[in-house]
Every structure is written in C-alpha cells, then in structure tokens.
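A quick write-up on the structure given underneath.
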Amino acid sequence: MPERTAVIASRVGLHARPAGIFVAAVGELPLEVTIAMAGEPADDAMDASSILSIMSLGASNGDTVVLRAEGEGADEALDSLVKILETDLDAE
Amino acid sequence: MRTIVQTLPGKASTDKSETGRTFAGVGVSPGRIIGPILLMPQAVREPAMGERLAEGTSPEEASTALRAAAKAVQINLTTRSVGASGAGREVLEATALMANDPMLIKAAVKLITTGASAERAIWDAAASVAEMLHNLGGYMAERATDVLDVRGRIVAELRGVPAPGIPYSDTPFILVGEDLAPADTATLDPAKVLALVTSSGGPQSHTAIIARALGLPAVVAAVGVDSLTDGTVVFVDGAVGTVLVDPGADEVALAKAWETTTAALAVFDGTGRLKDGHLVPLLSNVGGTTDAVKAAAAGAQGVGLLRTEFCFLERDTEPTIAEQVEAYRGVFDAFPGKKVVVRTLDAGADKPLPFLTDASEPNPALGVRGYRTDLTSPGVLERQLAAIALAAEGTEAEVWVMAPMISTAEEAEHFAGLCQAAGLQTPGVMVEVPSAALTAASILGHVHFVSLGTNDLTQYAMAADRQLGPLAALNTPWQPAVLQLIRLTVAGSRDEGHDKPVGVCGEAAADPALAVVLVGLGVSTLSMTARALSPVAAVLASVTLAEAQQLAALALTAHSATDARRIVREKLPILSTLGL
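Which chain is which? The protein sequence lines are A and B, in order. Under the UniProt record's numbering, the very last position in the first sequence is 92; numbers go up by exactly one each time. Under the UniProt record's numbering, the very last position in the second sequence is 580; numbers go up by exactly one each time.
Right under this line is the structure:
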C-alpha cells in the first residue's frame, strides 16, 4: 500500500485551523486515506477524513506522521496531502 | 443605545390576550426600542437512557435519518461561517466538520444497529468522543464542548425543533431567554440583535455586561417574559427595566425620542468634569488593541483597565513574552501620552485559563484566582510583568500595573516588589475583596494607587454569586454596604497621607447616576466601557462637587439599594430628560 511520511509544520500542531484544512482536502479525494503517528502499527491508523480522529491523534509541530492510501491516483493524492502537512498553515 | 425602530414584517403572531401586558425587571443597559422577539431555544433535552428504536423504524432508516440530520447541521454551520469573520468563523468551520465527522457517525450507527434510537445513539457516541478529548487535556479538552454543541444540534434536527443557541434570523430581533451564557454571548451578532431581555440573571450577569459593552438596551430578571411567543412585538425600556407587549403610540414616541437622544449623546469631548470644573478623568476598560482603538476614538482619557486575560482566553498554554509584548503594545500605541492601567492575568472563577486554574475547585469564586495563581503557578506573573515592561519601552503611554484579587497589605507589598524588579514604576492593586477596602491605608503604604472592582466587591460584600438571578437584588453596587466599602477605601487613601488615586473600573462607573455618587464619595477617576463615556460625562457635567457629595451622603444612609438608587435618580432630573 502506498505510504508517505510528513513532518507537521504548523506551529499549533495538527489541530484547529490546520486540521480543518487537511480534513477538507482529504474529503475531496475519492480515496480512503489513513493517518498514524510514525512508528505506530498500520492497524491503529485513523480515518484521515475525520477531524475528531485527527485531533485525538495529538500530532504536534515537528512530529512525524504516516499517511496511507490505496487505489488509483493514491501516490499523487498522498504527495499533495504531504505538502499540506509540511506547510505552516497557521501562518497563512 | 440602539436607535432603530423595528416593525414586524407582515406576519404578526402576537397573542391578543397578551396585549398591553407589562413585565417588570431590572434595567441594566439604557435604551428604548420596539421590535419582534425571538426566544432563545430551550437546551436540548437528553433522550431517555437506553431509548430504543421506535416500533416500525429499521436500523437502516434510523441511520439514514441520522446521516441526513448530521449533513443538515453541517450545511447550516458552514453557511453561517461564511457570514462570520475571524475567530468566530474558524469555530463555525471546525464545528461544521465535526457535525458530519465519519468517526462520530460510524460510532453512532454502530449503536443504532444494536437497537438504540438515532437520538440516543448520537448522544452516547458524542459523549464518548467528548470524554476522550477531555482526557487529552489542554486544547482538545476545550473542543469537547464543541462536540457536545454539535450533538445538541443533531438531536434538535432529528426531533425537528429549533437548534440550541442564539436563534439565527435575517432580520433584527429582540432576544428573549432565561439567561445567556458566556458562550452564547460570544456568538451574538450585534447587527441582528436589537435588545436583550432575560427572565433570570442579575445586574452583573453576563447578559448585562455584554449588553453594556455592545450598547444594547437590556432588561434582566423580567419574570415570565420567556412565556411570550416568537414574533411578539414588544417595547423594551432598558433604563426603567420594563417590557411591554404590543406597544402603542406613546411607546413609539419614546423609542423615537431615544433615537434623538443617542445622537446627541454620541459625542464625548475628551474631558470629564463636573459643572464647577472639578476634573474627573473618564477612562475606558479594554480587552485588547481593537477595543483600545475604539475607546481612543470615543474620547477615552486613557485605559483604566486592560484585561490582559482577554488576550489569552483561547489559550491552553502560557503565551510567550513576545506574544504578550505584541498584545500590550497595540493598546499602549493607541494612547500616546495617556495613562494605561494594565491588570495582570485575572484567571479563575468565571474566566478559567487552562494553564493557570484548577477547574475542579468546589468554590471557584473563593479559590485560587487572580493574583493568587502566583501561589500555584509561580513564574507566570513575573514573566508577564517582564513582558509589560518590554512592551512599555519606546511607547509614549504612561504604563501603570495592578494586581487583581488582593486581600492583604502583604500581598500588595509582594506585588510592588515584583513590579520594581521588572522595572515598572507605578504598581497598584485592585480593591475587590472587602478586606482590601478595610485595610486600604496599609495597602496604599506599599503601592501607588488602587482601583475598585465593584462587580466582585459587591459579590463578596453581599456573599451573593454574580450569576444568580434570584440574588439580583443583593447584587447591585447601589447596596449601601458596598458604598460604605468604597467610602472606607477613599478614607484609607487620605489616612495614608499622600492622597493616592482611588479609581473605579467596575460596572458601577458606567451607570451615570452611580458615577455621580462615586465622585461624591471621593473617587478620582472612572473607567468604563467606551459606550458609557458620553452619557456618564453628560450627567457628571450637570452637578457640582458639593451636590455630588450630598447625593453620596444620601445614598450611604439609604435603607436599601432600591431606595439609594431612587433617591439619587430623583435628584438628577437630567436622567429622565435623556432617557438614561
């Protein structure tokens, strides 16, 4: 299954506005995307389209997360999501 | 001080039997206005524990209904977020996403398949999510409230009843409810709400404070008013404290006259003085740069109270020194050459800050709040003082600093020491605990000034919770006991020997009649919400110092708060002329 790692760039971590932007982007994809903290088993990964899951993940600025997706266009989709996570969304 | 006379568009639904009915309450913010009411919906009732699917409803049907309700709530919140701005918009966007969250809905659907009703399923699913967020602490814990808010909305949607919270309408209305919570007042749109009327709450309730800040006429403790129906047209008199159903020509004339008055009262020339020229600087209470700029434009002669905790209420961690410097400097820059009194973080009781206060205290008003948080979180206060000193560097404002919730001269001495170490030259303290009023002379031996916080001083002197409607009559600064404590504070300043300044920065200063009494008691400056500056200035200009002293003496010896207020108001004819 294609996967990518991303380092959270937003100063507030992955919640509040940055989490909202990320979840909205996942929601527009025709794929199921999961998110987990780096080092956590893939079975424990959370639904990346759920703002509540993302918030309970508790990823802070500088933490590494793993995104996974399967299906057509998964690689491109994951690349675009990594880009969102690695931008300081709170500064914009 | 709204000036619009609003008529109901077409569909009058007033119950004729209510015509002419008057509800008497407590006027907390002046203004006379006519408009249709909208009731604050009842809080959403919890579905019965273990409520099952109704007979004939399959789990699939219930799940579909739940998904549709969640989607509807999401769309409603998203639509509203488009019209909102700033922090309000972000909150609405985030809660809109929560309403239709896949994790939340999946958990609820799972409960439905075991036979739970859709309402009970979403209730329990959201409760688990909220508990999980709460256990994560900090910022996440604060979001637990949003999940519960969304839950209420979904249940209301499933039941086909109005969503909880302030009703949403395209046309302006008079908001009627039992009482407003701080969370409700944050979402109140002053462009849509003409006046506030509550059946409960007191003069110091959040409803009253927000009404005065927004300049909305308001009546609280108007028992029975929440039995009226949506769309009923009423006349609200926020000075007298009455609500009249189906107003006639007289009230229309009064509302029109108020319109003229507000136009005349809209200007304050920037110098507070009595008829005889005795100067009483009128300052403003502000919560940040936006307020400060508005206050300066309204003619405020400085800031008598900068509520620093308002810059940080959304925070789950202590703000950095750099962030604090930025927040304070904006306020200082708005008042070059003028006094700005910075109050150090006043967290606790009704203003909890997660990084300072313990939410589990049984008596938060008597707990570790204000200056006392220095006992449990040492260092925060010193870093804040360092930030204030840094922000003051290079600005032209005259920066004074004061600590909230001081009870003893020892505490005042300790605070003055911290200020000196930070390089801040003008330390002071608030007098809001009766013990501080009684020992003002020794307290002023250590600091340069005191400022009376009349809201808390009243609640502590009368042992009456500010938020409780049934205690509204006790909870007014017109209480002769509260006026005595103010008199003693001024006497303490004289006894100390240097006539150090005694100011008032509580809600009392914004009441034009009470402002006269305060000046008569010897208070040297008054600080208030910017909107109160011009009415207070107009009334002060109508009396001499000797007259103000006579009125103060009458109020001090009155038998009750009601008598004190009535006697003083009768001697100030300008109040009825202006409709204040």
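Ideal Cβ positions, reconstructed from N, Cα and C, are used throughout, including at glycine.
With 16 or more other CB atoms across the displayed protein chains lying within 10 angstroms of its CB, B/Gln384 is buried. A Cβ of chain B is located within less than 7 Å of the beta carbon of A/Asp47. Between the alpha carbons of A/Met37 and B/Leu390 lies a gap of roughly 40 Å.
Checking the DSSP bridge columns, you'll see B/Leu518 has no partner listed. B/Asn285 is bridged by DSSP to B/Leu305. Put simply, the segment 538-547 of chain B touches the segment 268-278 of chain B. At least three CB pairs are less than 8 Å apart. Secondary structure remark: continuous beta strand (DSSP E) runs of at least 3 residues inside the segment 331-366 of chain B, in chain order: 339-343.
Rounded to whole angstroms, the gap between the alpha carbons of B/Met132 and B/Val267 is 52 Å.
Near chain A, meaning a CB-to-CB distance below 7 Å, no residue of the segment 313-333 of chain B qualifies. Taking 8 Å as the upper bound for CB-CB distance, B/Leu471 and B/Gly201 are not in contact here, some 10 Å apart. Along the UniProt domain "HPr" (1-92) of chain A, going in chain order, the ones with a CB nearer than 9 Å to a CB of chain B are Val12, Gly13, His15, Ala16, Arg17, Ala19, Gly20, Val23, Ala24, Gly27, Met46, Asp47, Ser49, Ser50, Ile51, Leu52, Ser53, Met55, Ser56, Gly58. The beta carbon of B/Thr207 is closer than 7 Å to those of Asp179, Leu180, Leu196, Thr198, Gly201, Ala218, Val220 in its chain, skipping five residues each way along the sequence. For B/Glu93, the chain A residues whose Cβ falls inside 7 Å of its Cβ are Gly20, in order along the chain. Secondary structure at B/Leu556: helix, using DSSP grouped into helix, strand and coil. By alpha-carbon distance to B/Asp346, the top candidate from B/Gln204, B/Glu361, B/Thr308 is B/Thr308. Membership of B/Ala156 in the alpha helix (DSSP H) is indicated by the continuous run 138-159.
What B/Glu142 touches in chain A, judged by beta-carbon distance under 7 Å, is nothing: the nearest beta carbon there is about 10 Å away. Of the residues B/Pro281, B/Thr376, B/Phe332, B/Ala515, the one whose Cα lies closest to the Cα of B/Glu396 is B/Phe332.
Interface flag for B/Val150 against chain A is unset, since no Cβ pair is found closer than 7 Å.
Check the Cα spacing between A/Glu70 and each of A/Leu29, A/Asp44, A/Pro41: the tightest is with A/Leu29. Distances from the alpha-carbon of B/Phe355 to those of B/Val82, B/Glu142, B/Val233 put B/Glu142 closest. In the structure shown, B/Leu572 adopts coil according to DSSP, grouped into three states. Excluding sequence positions up to five before and after A/Asp75, its CB lies within less than 7 Å of the CB of Pro2, all in the same chain and listed in chain order. Residue ranges of uninterrupted beta strand (DSSP E) with 3 or more members, entirely inside the segment 21-71 of chain A and ordered along the chain, are 33-37, 64-69. Here A/Met1 carries a coil assignment [DSSP, helix/strand/coil]. Of the residues assessed, B/Leu366 falls on the exposed side of the cut-off, its CB having fewer than 16 other CB atoms within 10 angstroms. Separation of the CB atoms of B/Glu398 and B/Val340 is rounded to 7 Å, and the pair is thereby assigned contact status at 8 Å. The beta carbon of B/Val399 does not come within 7 Å of any beta carbon belonging to chain A, so the residue lies off that interface. In the three-state scheme derived from DSSP, where H, G and I count as helix and E and B as strand, B/Met132 is classed as helix. Closest by C-alpha distance to B/Arg45, out of B/Ala156, B/Arg89, B/Ile37, is B/Ala156. The beta-carbon distance between A/Ala9 and A/Leu81, rounded to whole angstroms, is 13 Å. This is too long to meet the 8 Å contact definition.
One alpha carbon belongs to B/Lys294, the other to B/Gln425, and they sit about 27 Å apart. Fully contained in the segment 56-123 of chain B is no beta strand (DSSP E) run of length 3 or more. The alpha-carbon of A/Asp43 is positioned some 49 Å away from that of B/Tyr371.
Against B/Asp101, the close residues of chain A are Ser50, Ile51, Leu52, in the order they occur along the chain (beta-carbon pairs closer than 7 Å). Your pair B/Phe23 and B/Ala213 does not check out as a contact, with CB atoms roughly 24 Å apart and the cut at 8 Å.
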